[in-house]
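K.L.:
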Amino acid sequence: MSYDTLTGRTAVVTGAASGMGEATARLLAAHGVRVALLARRADRLTELAAKIEADGGQALAVATDVTDTDSVDAAVERVHAAYGEVDLVVNAAGVMLPNPVTDGRADEWRRMLDTNVAGALRVIRAFTPDLIAVAAAGRTADLVNISSIGAHITFPNYAVYGATKAALTYLSQSLRTELGPRDVRVTNIEPGLTDTELGGHIDNAELSGQLDGMFEALIGLSADDIADLIAFTTSRARHVNLRQAIVLPTRQA
368 MSYDTLTGRT AVVTGAASGM GEATARLLAA HGVRVALLAR RADRLTELAA
418 KIEADGGQAL AVATDVTDTD SVDAAVERVH AAYGEVDLVV NAAGVMLPNP
468 VTDGRADEWR RMLDTNVAGA LRVIRAFTPD LIAVAAAGRT ADLVNISSIG
518 AHITFPNYAV YGATKAALTY LSQSLRTELG PRDVRVTNIE PGLTDTELGG
568 HIDNAELSGQ LDGMFEALIG LSADDIADLI AFTTSRARHV NLRQAIVLPT
618 RQA
């Protein structure tokens, strides 16, 4: 698959320290995109930026906490100083902390809401003016939100996580009505079982074991699979919006 149309674009990728964010940043950079890497773990970002540059790409490591408005605003300043306007934003930052609602884990609820929903909104608020300006100038502008199949299909003990992803899916649909008429494409991607660090955040041994069993039975997707879908989506002609993609392992019903 040719992604030549990506060359020369400027992207912001959140959650770039691992998983889908890291894989997406690597692939975009390999196809000539200048990539601003946003995540909390500065050491991981620095290492990734060095690898991208060693492979001939361009990358900027920007330590950012999407749950902190000041941190996101500071990131915008750094990105603009280095690269100017951004024309591609990938919201890949997210956390998955399943537990029964009856456990009352308000700490986990706050963390998921503040990262998966409010965090995405902070990034959207920060970079949407760039996307609108780029589109007005006749260039391609993309906002990509990574949601989850959990936005549609319920899983026991994943109620709050699923609710945050359902909110992100609805947000993407609504934003399309605002930004589409201004030639900014909005894409919502909903992966099924995918091998990332998210499973490592689970503090419930039973649920962690269930997830391991699902990977054995279903042969989950890789982060690279999702990155490939994002590259394909954003490399289409600017008048073509692949608005929503549900991507599952073949064995996942």
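Take any residue in the sequence shown, note its place counting from 1, add 367, and you have its number in my numbering. By construction, the Cβ of each residue, glycine as well, lies at the ideal position given by its N, Cα and C atoms.
1. Which residue marks the beginning of the beta strand (DSSP E) containing Glu557, and which one marks its end?
2. Only counting runs of 3 or more residues, tell me where the beta strand (DSSP E) segments fall wholly within the stretch 396-460, in order along the chain.
3. To the nearest angstrom, report how far apart Ala409 and Thr434 are at their CA atoms.
4. Our contact map puts Arg615 next to Ile516 with C-beta atoms below 8 Å; I'd like the distance itself, whole angstroms only.
5. Quick one: what's got a C-beta closer than 8 Å to Leu574's C-beta in the same chain, skipping five residues either side?
6. Hey, quick one: how far does the alpha helix (DSSP H) through Ile491 stretch, first residue to last?
7. Near Ala502, which residues of its chain fall below 7 Å by C-beta distance, leaving aside the five closest residues on each side in sequence?
8. Using the Cβ count rule (16 or more neighbours within 10 Å means buried), how would you classify Thr381?
9. So, do the stretch 526-537 and the stretch 583-593 have three or more beta carbon pairs nearer to each other than 8 Å?
10. If you drop the 5 nearest sequence neighbours on each side, which residues of the same chain put their C-beta closer than 7 Å to that of Gly442?
11. So who's on the other strand from Leu615, going by DSSP bridges?
12. Helix, strand or coil, according to DSSP, for Ala598 in the structure here?
13. Should Ala594 and Arg393 be called a contact, given that it needs their Cβ atoms to be closer than 9 Å?
14. Between the Cα of Lys532 and the Cα atoms of Leu546, Val468, Ile597 and Pro558, which residue gives the shortest distance?
15. For Ala460 versus Leu427, is the C-beta spacing smaller than 9 Å?
16. Given this structure, state the Cα-to-Cα distance separating Leu560 from Pro496, to the nearest angstrom.
17. Tell me whether Ser369 is buried or exposed, calling it buried when 16 or more other Cβ atoms sit within 10 Å of its Cβ.
18. Give the DSSP-derived three-state secondary structure of Ala604 in the structure shown.
19. Helix, strand or coil for Ala526 per DSSP?
20. Can you tell me which of the three DSSP states Ser541 falls into?
21. Among residues of its own chain, excluding the 5 on either side of Trp623, which ones have a beta-carbon nearer than 7 Å to its beta-carbon?
P.N.:
From the atom records:
1. Residue numbering aside, residue 557 sits at position 190 when the sequence shown is read from its first letter. First-last of the beta strand (DSSP E) with Glu557: Arg552 to Pro558.
2. 401-406, 425-430 and 455-458
3. Counting from 1 along the sequence shown, the entry for residue 409 is found at position 42. Counting from 1 along the sequence shown, the entry for residue 434 is found at position 67. Ala409 and Thr434: Cα-Cα distance of roughly 16 Å.
4. Here residue 615 refers to the residue found at position 248 of the sequence shown. Here residue 516 refers to the residue found at position 149 of the sequence shown. Contrary to the premise, residue 615 reads as Leu rather than Arg in this sequence. The Cβ separation is near 6 Å, so the contact holds.
5. What you label residue 574 is simply residue 207 of the sequence shown in a count that begins at 1. Sequence-distant partners of Leu574 (beyond 5 residues in either direction) whose C-beta falls short of 8 Å from its own C-beta, in its chain, are Pro465, Asn466 and Asn524.
6. Sequence index remark: in the sequence shown, residue 491 carries index 124 (1-based). Taken as a continuous stretch (DSSP letters only), the alpha helix (DSSP H) holding Ile491 covers Ala487 to Ala503.
7. Your numbering for residue 502 matches position 135 in the sequence shown. Result list for Ala502: Ala508, Arg549, Asp550 and Val551, in chain order.
8. In the sequence shown, residue 381 corresponds to position 14, counting from 1. Classification of Thr381: buried, given that the 10 Å Cβ count is 16 or more.
9. no
10. As a position in the sequence shown, residue 442 is number 75, starting the count at 1. A small fix is needed here, since residue 442 is Ala in this sequence, not Gly. Result list for Ala442: Leu405, Val429 and Thr431, in chain order.
11. Your numbering for residue 615 matches position 248 in the sequence shown. Answer is none; Leu615 lacks a bridge partner.
12. The count along the sequence shown starts at 1 and reaches residue 598 at position 231. Looking at Ala598 - three-state DSSP - the assignment turns out to be helix.
13. Residue numbering aside, residue 594 sits at position 227 when the sequence shown is read from its first letter. Residue numbering aside, residue 393 sits at position 26 when the sequence shown is read from its first letter. Taking 9 Å as the Cβ cut-off, Ala594 and Arg393 qualify as a contacting pair.
14. Taking the sequence shown and counting its residues from 1, the one referred to as residue 532 is at position 165. Measuring from the Cα of Lys532, the nearest candidate turns out to be Pro558.
15. Counting from one through the sequence shown, the residue named residue 460 turns up at place 93. Counting from one through the sequence shown, the residue named residue 427 turns up at place 60. Result no, Cβ atoms of Ala460 and Leu427 do not sit closer than 9 Å.
16. Within the sequence shown, numbered from 1, the residue matching residue 560 stands at position 193. Within the sequence shown, numbered from 1, the residue matching residue 496 stands at position 129. Going by the C-alpha atoms only, they are around 33 Å apart.
17. As a working note, residue 369 is residue 2 in the sequence shown. Ser369 comes out exposed.
18. The count along the sequence shown starts at 1 and reaches residue 604 at position 237. Ala604 falls in the coil class under three-state DSSP.
19. Looking up residue 526 in the sequence shown gives position 159. Helix at Ala526.
20. As a position in the sequence shown, residue 541 is number 174, starting the count at 1. Reduced to three states, the DSSP call for Ser541 is helix.
21. Since the first and last residues shown for the chain are 368 and 620, residue 623 lies out of range.
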